[in-house]
Amino acid sequence: MSDDAPASPELQPMEAHKDIWSQHELLQTILSRHFNVHGVIGGTVLPAWNVTTKGDDDAHQQLVVLNDHLLKLGWVAKLLIDEPWVIQILPIPERQFPSNGFQRLMWIITALTLTLAGAYWMKGATPEGGWFSDSSLIDAFIGYTLPVLASVFIASHIQRYIAGRYGMRVGHIVPVPEPSIALWSLGALPKSMLIWPFGLFLIPTLPRMDARLWPDRKALGWSAVSVPATLVSLGMLFWGVGLWLTPDFVSITSEQNMAYPPLAVELMSQLMLGDGYEQLLVWAHPFVHVGALLTFFGCLSMLPIPTFPGGRLMVARAGHGEARSGSNQIFIFLLLLAFAWMFDAFNGLNIWLLVLSMVVPLLLFMGSDRRTPIVLDEPKGLELSSIKNMGLVALAIVILALPQQIPFAVDEDWDQEVSYSIDDFGKAVLHNGTWSTEVSITVQNPSSLERSWAVLEDRYDTNLNAWTAAWDCDGEDSISIAEGGCGGVLPPNTQTTVVLNLTWIGAADAPVATTFGMLTASLSTLNVESITIQPDLDVFVASMWSFVEENGELKRCLSFGGISDSSINASLPHAVDSFEIDARLHWIEGHDSLNASFDERPERLCIRGLDPVLLQASTLDEVLIDGVRFHAGSPTLPMTAVVPESGWKITPSPTTGWGFELGAGTIMSATGEACPLNATLATPLPPASGDWIWDLDVREISSIPSIANGTQNLTIQMPDGSTVVVCSEPLSPLPRLNFTVEEGPEVILIRSNVVHRMWSNVWMAATNGTMLTPDGGAFNLYNPSNSTVAVQLNFEGNGAQWSDISSTSQLQPGDNFFEFEPSQSALSTMWFEHVEGQIVIHLGSYV
Numbered sequence: 000m001s002d003d004a005p006a007s008p009e010l011q012p013m014e015a016h017k018d019i020w021s022q023h024e025l026l027q028t029i030l031s032r033h034f035n036v037h038g039v040i041g042g043t044v045l046p047a048w049n050v051t052t053k054g055d056d057d058a059h060q061q062l063v064v065l066n067d068h069l070l071k072l073g074w075v076a077k078l079l080i081d082e083p084w085v086i087q088i089l090p091i092p093e094r095q096f097p098s099n100g101f102q103r104l105m106w107i108i109t110a111l112t113l114t115l116a117g118a119y120w121m122k123g124a125t126p127e128g129g130w131f132s133d134s135s136l137i138d139a140f141i142g143y144t145l146p147v148l149a150s151v152f153i154a155s156h157i158q159r160y161i162a163g164r165y166g167m168r169v170g171h172i173v174p175v176p177e178p179s180i181a182l183w184s185l186g187a188l189p190k191s192m193l194i195w196p197f198g199l200f201l202i203p204t205l206p207r208m209d210a211r212l213w214p215d216r217k218a219l220g221w222s223a224v225s226v227p228a229t230l231v232s233l234g235m236l237f238w239g240v241g242l243w244l245t246p247d248f249v250s251i252t253s254e255q256n257m258a259y260p261p262l263a264v265e266l267m268s269q270l271m272l273g274d275g276y277e278q279l280l281v282w283a284h285p286f287v288h289v290g291a292l293l294t295f296f297g298c299l300s301m302l303p304i305p306t307f308p309g310g311r312l313m314v315a316r317a318g319h320g321e322a323r324s325g326s327n328q329i330f331i332f333l334l335l336l337a338f339a340w341m342f343d344a345f346n347g348l349n350i351w352l353l354v355l356s357m358v359v360p361l362l363l364f365m366g367s368d369r370r371t372p373i374v375l376d377e378p379k380g381l382e383l384s385s386i387k388n389m390g391l392v393a394l395a396i397v398i399l400a401l402p403q404q405i406p407f408a409v410d411e412d413w414d415q416e417v418s419y420s421i422d423d424f425g426k427a428v429l430h431n432g433t434w435s436t437e438v439s440i441t442v443q444n445p446s447s448l449e450r451s452w453a454v455l456e457d458r459y460d461t462n463l464n465a466w467t468a469a470w471d472c473d474g475e476d477s478i479s480i481a482e483g484g485c486g487g488v489l490p491p492n493t494q495t496t497v498v499l500n501l502t503w504i505g506a507a508d509a510p511v512a513t514t515f516g517m518l519t520a521s522l523s524t525l526n527v528e529s530i531t532i533q534p535d536l537d538v539f540v541a542s543m544w545s546f547v548e549e550n551g552e553l554k555r556c557l558s559f560g561g562i563s564d565s566s567i568n569a570s571l572p573h574a575v576d577s578f579e580i581d582a583r584l585h586w587i588e589g590h591d592s593l594n595a596s597f598d599e600r601p602e603r604l605c606i607r608g609l610d611p612v613l614l615q616a617s618t619l620d621e622v623l624i625d626g627v628r629f630h631a632g633s634p635t636l637p638m639t640a641v642v643p644e645s646g647w648k649i650t651p652s653p654t655t656g657w658g659f660e661l662g663a664g665t666i667m668s669a670t671g672e673a674c675p676l677n678a679t680l681a682t683p684l685p686p687a688s689g690d691w692i693w694d695l696d697v698r699e700i701s702s703i704p705s706i707a708n709g710t711q712n713l714t715i716q717m718p719d720g721s722t723v724v725v726c727s728e729p730l731s732p733l734p735r736l737n738f739t740v741e742e743g744p745e746v747i748l749i750r751s752n753v754v755h756r757m758w759s760n761v762w763m764a765a766t767n768g769t770m771l772t773p774d775g776g777a778f779n780l781y782n783p784s785n786s787t788v789a790v791q792l793n794f795e796g797n798g799a800q801w802s803d804i805s806s807t808s809q810l811q812p813g814d815n816f817f818e819f820e821p822s823q824s825a826l827s828t829m830w831f832e833h834v835e836g837q838i839v840i841h842l843g844s845y846v
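The opening residue of the sequence shown carries number 0 in numbering that gives the first Met the number 0; numbering runs sequentially from there.
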């Protein structure tokens with residue numbers, strides 16, 4: 000000190016107490032400097048005093064000054080409301096902050112689990128070359144791990160900054176990894192069992208925010224809302240950028256765990272991207288998954304649950320008394336159950352059940368605990384503007400990040416086939432003298448892959464012969480089934496519609512109701528759908544003419560359809576008086592002529608005749624219904640194969656080969672089902688030794704083998720009473736022919752060098768002695784067996800009979816030649832039948 004410095008004032012002596020103060024007395028003495036102390040309430044560990052303010056001092060301001068002094072001593076004062084105030088002294092917690100090494104370890108482990116989760120999440124749904132790198136792990140680290148950790152890091156610093164503004168020191172967020180994701184990454188568990196796909200379990204702040212000493216409710220509230228607001232804001236940003244960077248199509252290779260957007264993202268996506276945006280979620284950019292994690296965690300953080308930011312926010316806005324009241328906790332519990340039911344949390348193992356298992360125990364065991372979080376000046380309350388602003392921020396967080404009922408789900412339909420929606424019924428209308436209709440086919444691709452498709456009408460269906468078909472493909476004709484129809488490639492989750500226009504060829508007649516097949520292709524597999532076209536009439540012909548056998552009699556029948564059941568008149572105009580003969584050749588069943596009136600529309604119309612050949616007459620094809628003409632086609636006689644119990648023996652000889660009706664390379668089936676589409680079937684192979692036998696009762700379907708010179712003879716066995724079809728068109732389910740099997744002798748009919756193993760539909764007719772084909776009355780009945788077969792000639796009709804030029808009553812083994820010549824009768828018919836082991840040759844003559 001220099002000599003010029005003023006002299007120090009005289010120092011006053013400080014009183015010395017004779018006794019050492021206790022800690023309680025020290026704290027009370029310090030307290031008395033700022034408040035009037037009126038007495039000790041109690042407590043030695045955490046003492047409390049009843050106090051009043053000195054003069055006009057503000058209690059809340061004095062509490063701040065008091066705490067500034069106590070803070071240096073490791074204590075802090077808490078203000079409580081009483082008559083008028085109570086101050087409680089609390090020790091400042093020590094060693095709450097974790098070490099830097101522990102925090103770094105948790106961040107490193109979390110980075111590892113996040114990378115595994117990101118790689119698993121993106122597996123099978125990355126573009127060629129990856130999103131950022133060819134390596135899936137590097138791709139996941141750059142696109143998923145880094146953005147998530149950076150977002151959490153930013154949220155942590157924003158929380159520390161806001162708390163620091165209110166004089167609070169808080170720790171960093173320490174992420175808690177979720178290591179079970181490794182089980183899915185290693186393929187130990189399927190994707191369908193993954194309910195927590197993040198690789199991140201929790202994002203707590205250490206030390207716990209509830210364990211810190213908060214100066215007032217305002218500091219508590221704004222610090223609580225900072226992290227959810229930051230996570231949701233960054234999450235919305237990543238959602239938007241991720242959807243913007245997601246390409247229109249990525250060829251995926253496996254089912255994907257999709258993240259469905261929160262409410263705000265969904266609304267914005269529908270407005271900006273349309274309904275098709277959901278398909279982008281299947282192969283979404285990694286930033287979309289980042290946004291899903293951040294918004295989900297941010298929204299869950301706002302739940303009003305103890306230890307959650309939402310729980311602290313509720314205490315900050317309402318205070319402990321109201322926030323921790325029993326009635327309020329019951330209301331929250333019931334509200335949780337209601338939302339759990341709305342979000343289908345109790346339907347199996349899902350993400351909401353896991354959330355409930357975490358929050359319900361916290362609510363039940365800590366919901367009424369008013370000790371945490373500790374607010375030193377709770378009576379100070381919160382100004383109305385802060386209450387309003389905190390509520391608006393919380394509401395914005397919930398509205399923006401409100402998750403869907405199913406926030407994450409596996410795309411189980413990722414490899415579904417295309418589906419076809421076909422109008423199975425169409426109505427043909429008459430316009431400008433032409434009957435026409437259209438068939439609409441909608442093709443939908445529900446999968447997440449590009450799918451090829453094609454449609455084509457069954458061109459081998461004879462029911463379509465009377466229609467002209469024209470396709471309106473609307474540009475979808477890049478793929479075809481057989482150089483026709485429509486087809487193309489559908490992008491994921493899209494659909495297209497094509498139209499088949501049908502025009503009736505008949506100019507003077509109305510169309511008969513037609514049922515035909517529509518071929519559809521999916522995943523290189525052909526299917527067929529049936530479509531029925533009916534004319535727009537009250538009564539119409541619903542089927543083509545066909546032969547029906549009832550009680551041993553063969554009839555020619557068709558069916559009726561329509562909406563009217565009133566009386567109708569039916570006739571066959573071309574058949575009436577077509578032959579000037581005395582015999583009644585055919586008539587409508589239930590009537591004595593080919594004109595009939597019905598009091599109500601019958602189910603069918605049948606024609607009876609003297610023999611089957613007469614029922615095949617083309618003059619019966621057209622039928623007139625209430626003045627409307629229909630051409631119902633010409634039926635063919637039913638085909639029957641007469642097969643001995645030992646079977647047919649097929650040899651390379653032309654006489655005993657497959658015959659005219661059958662042929663190598665076609666398919667023979669006794670399954671009772673339609674012909675297989677585009678099938679490749681093997682032929683029965685000859686054995687190394689023994690007889691070569693094909694038993695249709697054992698091997699029901701197969702390609703017919705070729706029997707050439709040098710190969711072994713084949714014995715084909717057919718079960719009695721079975722129905723067998725022969726398929727020759729690979730793109731049609733309709734058989735080329737079908738026949739029934741009767742057990743009987745093996746007889747082969749040869750006429751005009753044509754070999755018939757099935758001869759029940761072989762016939763001949765003559766008018767006035769002239770046959771339809773020359774030498775039609777001469778034929779050979781070849782008997783390949785070693786036994787004789789009886790033959791019966793059955794002469795029918797009222798005219799002069801056929802001349803028997805050459806015949807026999809017993810078929811000897813080998814060739815047996817027959818020749819008949821018709822008389823000069825107006826009509827002569829010949830047809831064949833098998834009856835109880837013998838061959839019956841029907842010879843009819845009518846005048």
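Note that the Cβ used here is the ideal one computed from N, Cα and C, for glycine as well.
Report buried or exposed for L333, applying the criterion of at least 16 other Cβ atoms within 10 angstroms of its Cβ. exposed
Do I86 and A47 come within 8 Å of each other at the CB atom, strictly closer than that value? Cβ atoms of A47 and I86: closer than 8 Å.
Member of P704, L70, W74, N793 whose CA lies at the smallest distance from the CA of V44: W74
Assuming A764 and S827 make a contact with CB atoms under 8 Å, what is their CB distance in whole Å? 7 Å
Any chance the segment 593-600 sits against the segment 460-479, with 3 or more Cβ pairs inside 8 Å? no
For N550, count neighbouring Cβ atoms within 10 angstroms of its own Cβ and tell me buried if that reaches 16, exposed if not. exposed
Please give the ranges of any beta strand (DSSP E) in the segment 612-652, keeping only runs that are unbroken, at least 3 residues long and fully inside the region. 621-624, 627-630, 639-642, 647-649
So what's N66 in DSSP terms, helix, strand or just coil? helix
Quick check on the DSSP output: the alpha helix (DSSP H) that includes K387 runs from which residue to which? 383-400
Shorter than 7 Å, the distance from the beta carbon of P729 to the closest heavy atom of the ligand FMN, or not? You won't find the ligand FMN in this model; it holds no ligand whatsoever.
Assuming K379 is part of the alpha helix (DSSP H), what are its boundary residues? For K379, there is no enclosing alpha helix (DSSP H), as DSSP marks it with neither H nor E.
By the 10 Å Cβ neighbour count, where 16 or more other Cβ atoms means buried, how is S805 classified, buried or exposed? exposed
Going by C-alpha distance, which of M257, W106, R159 is nearest F200? W106
The alpha helix (DSSP H) enclosing W120, as first and last residue numbers: Residues 99-121.
Check whether the Cβ atoms of T710 and T722 lie closer than 8 Å to each other. It is not a contact, given that the beta carbons lie outside the stated cut-off.
Which residue from V846, F817, E741 puts its Cα closest to that of E835? E741
I need the straight-line Cα distance from Q328 to A315, nearest angstrom please. Whole-angstrom Cα-Cα distance: 16 Å.
May I have the straight-line CA-CA distance separating Q809 from S784, to the nearest angstrom? 13 Å
With a floor of 3 residues, list each beta strand (DSSP E) that falls wholly inside the segment 441-481, ordered by position along the chain. 450-456, 466-471
Take the Cβ of S300 as the centre, count every other Cβ of all protein chains shown within 10 Å, and call the residue buried at 16 or more, exposed below. buried
What do you reckon, are the CB atoms on D209 and T371 nearer than 8 Å? yes
Considering Cα atoms alone, identify which of V788, V839, E699 is closest to S759. V839
What residues are listed by DSSP as bridge partners for L748? In the DSSP output, where bridge partners are listed per residue, L748 has H755, L780.
Helix, strand or coil at C674 [DSSP, three-state]: coil
Per DSSP, cross-strand counterpart(s) of M829: M763, L842
According to the neighbour-count rule (16 or more other Cβ atoms, all chains shown, within 10 Å of its Cβ), is H841 buried or exposed? By the 10 Å Cβ count, H841 comes out buried.
For K71, count neighbouring C-beta atoms within 10 Å of its own C-beta (all shown protein chains included) and say buried if the count is 16 or more, exposed if not. exposed
Does the Cβ of R369 have 16 or more other Cβ atoms within 10 Å, making it buried, or fewer, making it exposed? exposed
Span separating the alpha-carbon of Q494 from that of D274: Whole-angstrom Cα-Cα distance: 13 Å.
C-alpha gap between V173 and L113, whole angstroms: 14 Å
Which parts of the segment 23-67 are runs of the beta strand (DSSP E), unbroken and 3 residues or longer, counting only runs that do not cross its ends? 34-41, 47-52
Between I567 and L518, which are expected to be in contact by the criterion C-beta below 8 Å, what is the C-beta distance as a whole number of angstroms? With a Cβ gap of about 36 Å, I567 and L518 do not count as contacting.
Mind checking whether A118 and S191 have CB atoms under 8 Å apart? no
Have a look at the DSSP bridge pairing and note the partners of Q809. Note: Q809 is bridge-paired with A789 in the DSSP secondary-structure output.
Proximity winner among D774, N797, Q811, L771, relative to T787 (alpha-carbon distances): T787 has its Cα closest to that of Q811, out of D774, N797, Q811, L771.
Leaving aside the five residues before and after G432 along the sequence, list all residues of the same chain whose C-beta is less than 7 Å from its C-beta, in chain order. none
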